[in-house]
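Enquirer: In the numbering used here, the protein residues as written are 17 to 328.
C-beta: ideal position from N, C-alpha, C; glycine also.
Take a look at the following structure, please.
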Amino acid sequence: MDISVVIPLIDEAESLPELEAWIRSVMEENNFTYEIIFVDDGSSDNSWCIIQQLKSQNPFVKGIKFQRNYGKSAALNEGFKIAQGVVVITMDADLQDSPNEIPELRRMVLEDGYDIVSGWKKKRYDSTLSKNIPSKLFNAATRKVSGIKLHDFNCGLKAYKNKVVKSIEVYGEMHRYIPLLAKWSGFKKFGEKVVEHRARKYGVTKFGWNRFINGFLDLASIVFVGKFKKNPMHFFGLWGTLSFLFGFIVFIYLTVSKFFFDQTGLTQRPLFFFAIFAMIIGTQLFLAGFLGELISRNGAERNHYLIEDRIN
Ligand code: UDP
Ligand code: MG
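If you want it as structure tokens, here you go:
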């Protein structure tokens, strides 16, 4: 199969028939074999009904329906699990992404050899200031910490080699950081394509103002987890030990100076509290690292490695 299109959606009933027809016409024009995987993320309108209807008209439609709303990341994750196409394309359901981009995205993956090609909504049609400025900030921060030079991490329209989507696990709100997840799994070639962005035709946006706060918190945790998950001790242990040693040395210095040089009480000197504080913090950090280490040693994925090739 050439292409899997994975579409996470919640309450997008009006858009679905138009979207399916459009994707179908693009696929037929180009003679691609394909599947469209609709993942209904707990809609309360009749989206699922529509998906069932679409299925009865087009056998290449597939659907997954969640019992409740788990979020876009969860929807993508489940779609990725069953995607069979050589190239996997993700797309929002609200007709803001144009299916006309599919052939070129596919070509970039297959011929230019990109692992991921990310859409870039250079000209946006929902550009209220409240969305635009935080989005610029968000992308700049993500570029910085991830070291991946993309302009628009959050773009729903992306194309992947099949292997990429099978190697990553998208959870929480991590759909914004899929390129980073892929990078950690060892994929290196990231491409970008300027894509047409259209105004939302039906319905309303499903993410509120808090998307940016959540986005940044997730970025912090993803970077931290990514760096130290396997060896929490390397971070906490190091800083804990340094802090403790520092406090201890100051403490020794204070004790020595009390007994041999002046007679002022230890507790009279501000440095004393500083030393105690450094030792306590040091012990705490060390313990945190130690506990982290114990937890990660018991984690189910402690020996989960991605193997690229084998010869037997
Ligand atoms: N979506 C989803 N689960 C959610 C929120 C959103 O599957 O909890 C889908 C939504 O139906 C749409 C896509 O994710 O297909 C992007 O959402 P939206 O268009 O509201 O985001 P925006 O374009 O405003 O960034
Ligand atoms: Mg949208």
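1. For W7, is the classification buried or exposed, using 16 other Cβ atoms within 10 angstroms of its Cβ as the cut-off for buried?
2. Looking at the secondary structure, which residues open and close the beta strand (DSSP E) in which A175 lies?
3. Using 8 angstroms as the cut-off, can you tell me whether the region 171-185 makes contact with the region 203-211, which would need three or more C-beta pairs spanning the two stretches below that distance?
4. Can you check DSSP and say which residues form a bridge with V77?
5. Work out the CA separation of F252 and F262 for me, nearest whole Å.
6. The ligand UDP and K177: does any heavy atom of the ligand fall closer than 8 angstroms to the residue's C-beta?
7. Three or more C-beta pairs closer than 8 angstroms, one from the region 157-169 and one from the region 182-195: is that the case here?
8. Is the Cβ-Cβ distance between S201 and I184 less than 9 angstroms?
9. Give the residues whose C-beta lies closer than 6 angstroms to at least one heavy atom of the ligand UDP, in chain order.
10. Rounded to whole angstroms, what is the Cα-Cα separation between F244 and H250?
11. Can you tell me whether T106 is helix, strand or coil according to DSSP?
12. For I265, tell me which candidate among W255, F275, I292 has the shortest Cα-Cα distance.
13. Output the boundary residues of the alpha helix (DSSP H) element that contains E45.
14. From what residue to what residue does the alpha helix (DSSP H) around K243 run?
15. Looking at R192 and the ligand MG, is the gap between the Cβ and the nearest heavy atom below 8 angstroms?
16. With a floor of 4 residues, list each alpha helix (DSSP H) that falls wholly inside the region 261-321, ordered by position along the chain.
17. Measure the alpha-carbon distance for K204 versus L126 and round it to whole angstroms.
18. Any idea what DSSP makes of F206, helix, strand or coil?
19. Within this structure, are the beta carbons of N74 and I98 separated by less than 9 angstroms?
20. Whether or not the region 268-278 and the region 231-240 are in contact is what I'm after, with contact meaning three or more pairs of Cβ atoms, one per stretch, closer than 8 angstroms; do they touch?
21. Helix, strand or coil: how does DSSP classify V133 here?
22. If A29 and I66 are in contact, beta carbons under 8 angstroms, what's the gap, nearest whole angstrom?
23. Grouping DSSP H, G and I as helix and E and B as strand, with all else coil, what is L197?
24. In the DSSP assignment, find the unbroken beta strand (DSSP E) run with I23 in it and report its ends.
25. Around the Cβ of L32, are there at least 16 other Cβ atoms within 10 angstroms (buried) or fewer (exposed)?
26. Using the three-state DSSP reduction, which class does H250 fall into: helix, strand or coil?
27. What's the gap between the Cα of R123 and the Cα of P248?
28. In chain order, what residues of the same chain have a beta carbon less than 6 angstroms from the beta carbon of R84, not counting five sequence neighbours either side?
29. Using 10 angstroms around the beta-carbon of S63, count the other beta-carbons present and answer buried if the total reaches 16, otherwise exposed.
30. How should G9 be labelled, buried or exposed, when 16 other C-beta atoms within 10 angstroms of its C-beta is the threshold for buried?
Expert: Put simply:
1. This structure cannot speak to residue 7, because the chain is shown only from 17 to 328.
2. As a working mapping, residue 175 is identified with position 159 in the sequence shown. Counting along the chain, the beta strand (DSSP E) containing A175 begins and ends at 174-177.
3. yes
4. Numbered from 1 along the sequence shown, position 61 holds the residue referred to as residue 77. Beta-bridge pairing links V77 to I52.
5. Here residue 262 refers to the residue found at position 246 of the sequence shown. Here residue 252 refers to the residue found at position 236 of the sequence shown. In a straight line, the C-alpha of F262 is about 15 angstroms away from that of F252.
6. Counting from 1 along the sequence shown, the entry for residue 177 is found at position 161. Flag unset: Cβ of K177 not near the ligand UDP.
7. The region 157-169, when compared against the region 182-195, does touch it at the 8 angstroms Cβ threshold.
8. Counting from one through the sequence shown, the residue named residue 201 turns up at place 185. Counting from one through the sequence shown, the residue named residue 184 turns up at place 168. Cβ distance < 9 angstroms, so S201 and I184 count as in contact.
9. Ordered along the chain, residues surrounding the ligand UDP are P24, L25, I26, E28, D57, N85, G87, K88, A91, D108, A109, D110, Q112, G172, T221, K222, F223 [Cβ under 6 angstroms from any heavy atom].
10. Stepping through the sequence shown from its first residue, residue 244 is reached at position 228. Stepping through the sequence shown from its first residue, residue 250 is reached at position 234. If I take the Cα positions, the gap works out to 7 angstroms.
11. Here residue 106 refers to the residue found at position 90 of the sequence shown. The DSSP-derived three-state label of T106 is strand.
12. Position 249 of the sequence shown holds residue 265. The shortest Cα separation from I265 among W255, F275, I292 belongs to I292.
13. Residue numbering aside, residue 45 sits at position 29 when the sequence shown is read from its first letter. Element bounds for E45: 31-45.
14. Your numbering for residue 243 matches position 227 in the sequence shown. Here the alpha helix (DSSP H) through K243 covers 227-244.
15. Counted from its first residue, the sequence shown places residue 192 at position 176. Not a single heavy atom of the ligand MG lies less than 8 angstroms from the C-beta of R192.
16. 286-314
17. Counting from one through the sequence shown, the residue named residue 204 turns up at place 188. Counting from one through the sequence shown, the residue named residue 126 turns up at place 110. Taking the straight line joining both Cα atoms gives about 15 angstroms.
18. To locate residue 206, count along the sequence shown from 1; it is residue 190. If DSSP states are grouped into helix, strand and coil, F206 belongs with the strands.
19. What you label residue 74 is simply residue 58 of the sequence shown in a count that begins at 1. What you label residue 98 is simply residue 82 of the sequence shown in a count that begins at 1. No, the Cβ-Cβ distance between N74 and I98 is not below 9 angstroms.
20. no
21. Mapped onto the sequence shown, residue 133 falls at position 117. Correct three-state label for V133: strand.
22. Reading the sequence shown from its first residue, position 13 is the one you call residue 29. Reading the sequence shown from its first residue, position 50 is the one you call residue 66. Right, their Cβ atoms sit about 5 angstroms apart.
23. As a position in the sequence shown, residue 197 is number 181, starting the count at 1. It is helical.
24. Start at 1 with the first residue of the sequence shown, and residue 23 comes out as number 7. 19-25 is the span of the beta strand (DSSP E), which, as asked, contains I23.
25. Here the question's residue 32 lines up with position 16 in the sequence shown. By the Cβ-count criterion, L32 is buried, with 16 or more other Cβ atoms from all chains shown falling within 10 Å of its own Cβ.
26. Position 234 of the sequence shown holds residue 250. Three-state result, H250: helix.
27. On the sequence shown, position 107 is the one that residue 123 refers to. On the sequence shown, position 232 is the one that residue 248 refers to. For R123 and P248, the distance between alpha carbons rounds to 41 angstroms.
28. Along the sequence shown, one-based indexing puts residue 84 at 68. Excluding sequence neighbours, R84 sits near G58.
29. Residue mapping note: residue 63 aligns to position 47 of the sequence shown, counting from 1. That one is buried.
30. Residue 9 cannot be examined here, being either before or after the span of the chain that is shown, 17 to 328.
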